[in-house]
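Asks:
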Amino acid sequence: MSSDNTSNNKENTNPMTKEDAARIQAAKAKKSDTGETAAGSFAARAQSAADKNEKDTKPAAADPAGGGTSPSSGDRQEAALV
1 MSSDNTSNNK
11 ENTNPMTKED
21 AARIQAAKAK
31 KSDTGETAAG
41 SFAARAQSAA
51 DKNEKDTKPA
61 AADPAGGGTS
71 PSSGDRQEAA
81 LV
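In case it helps, my numbering puts the sequence shown at residues 1 to 82.
Below is the structure:
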């Protein structure tokens, strides 16, 4: 018997966000004697997943050599003054 909600399911319709991970960590820390979350805990894994999801959804960094077609911020400011 298999379930549709397994860890092997590659399509994630509700990915972990940094806000989700922060709520989990805060709840876990409140219940902890030290106020911290342990490495490898669910809260730590949630944070790791949120970091990965954010990295996967960020747009590619701009070309530092300026090889793109969009004007630099100085060009935009200069064009606005003309």
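The beta-carbon is built from N, C-alpha and C at its ideal position, and this holds for glycine as well.
Just so you know, these numbers come straight off a predicted model, no measurement behind them.
1) Kindly give me the distance between the Cβ atoms of residue 37 and residue 50, rounded to whole angstroms, as I take these residues to be in contact under 8 Å.
2) For residue 26, tell me which candidate among 13, 58, 47 has the shortest Cα-Cα distance.
3) Out of curiosity, what's the CA-to-CA distance linking residue 55 and residue 34?
4) Find the nearest neighbour of residue 43 within the set 16, 32, 21, 17, judged by alpha-carbon distance.
5) Compute the Euclidean distance between the alpha carbons of residue 31 and residue 57, then round it to the nearest angstrom.
6) For residue 14, which residues in the same chain have their Cβ closer than 8 Å to its Cβ, ignoring the five residues on either side in sequence?
Replies: In short, the structure shows the following:
1) With a Cβ gap of about 13 Å, residue 37 and residue 50 do not count as contacting.
2) 47
3) 30 Å
4) 21
5) 32 Å
6) none
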